[in-house]
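Each residue of the sequence shown is one higher than the last, beginning at 105 in the working numbering. Where is the CB? At the ideal position from N, CA and C, for every residue including glycine. Computed from a predicted structure; not experimentally measured.
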Amino acid sequence: MAYKILYFDEARLDIQEAKLWYRTQLKGLERRFAEDIKNAILRLKERPSVHAIRYQNIRIAHPDVFPYSVHFYIDEENKTVVIISIVHNSRDPLFTQERTSILNEPDAEYVSSTK
Numbered sequence: 105m106a107y108k109i110l111y112f113d114e115a116r117l118d119i120q121e122a123k124l125w126y127r128t129q130l131k132g133l134e135r136r137f138a139e140d141i142k143n144a145i146l147r148l149k150e151r152p153s154v155h156a157i158r159y160q161n162i163r164i165a166h167p168d169v170f171p172y173s174v175h176f177y178i179d180e181e182n183k184t185v186v187i188i189s190i191v192h193n194s195r196d197p198l199f200t201q202e203r204t205s206i207l208n209e210p211d212a213e214y215v216s217s218t219k
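Written as structure tokens, this is what we have:
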């Protein structure tokens, strides 16, 4: 059974900000970036656990072309993959780890609708 994909709202913003930057670099590059990220996330639907846990139950997947990391965790009970952030590999890893602090808050509303 395929996992459902959910996103932190900030993860969607990560994608939009990167697409805007790539748009300024070369015509059509933002579409190639979006497709690469989309494919990396779609692969998580089938086998998210192939990615090792890196910190606080967070796993990291990498797209094929662009130097980005997709930080996520797996909610096995609900068969859901939750995307926390999508960041350039040059970013400080603490950036994403700070976002995960919300996971410790009871009844936190942090995930946007499925896609």
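C-alpha gap between residue i and residue j, whole angstroms
i	j	result
residue 202	residue 118	15 Å
residue 187	residue 131	27 Å
residue 180	residue 159	17 Å
residue 171	residue 146	17 Å
residue 200	residue 148	19 Å
residue 110	residue 161	16 Å
residue 139	residue 198	26 Å
Check whether residue i and residue j have beta carbons under 8 Å apart
i	j	result
residue 177	residue 163	yes
residue 126	residue 137	yes
residue 184	residue 123	no
residue 193	residue 168	no
residue 189	residue 121	no
Three-state secondary structure assigned by DSSP to residue i
i	result
residue 156	coil
residue 106	coil
residue 112	strand
residue 140	helix
Burial state of residue i (16 or more Cβ within 10 Å)
i	result
residue 156	exposed
residue 174	buried
residue 134	buried
residue 153	exposed
residue 106	exposed
residue 128	exposed
Residue i - containing beta strand (DSSP E), residue span
i	result
residue 170	That residue, residue 170, is in no beta strand (DSSP E); it is neither H nor E in DSSP.
residue 203	Careful: residue 203 lies outside any beta strand (DSSP E), inside the alpha helix (DSSP H) at 198-203.
residue 194	Note, residue 194: premise wrong, no beta strand (DSSP E); not H, not E.
residue 163	162-165
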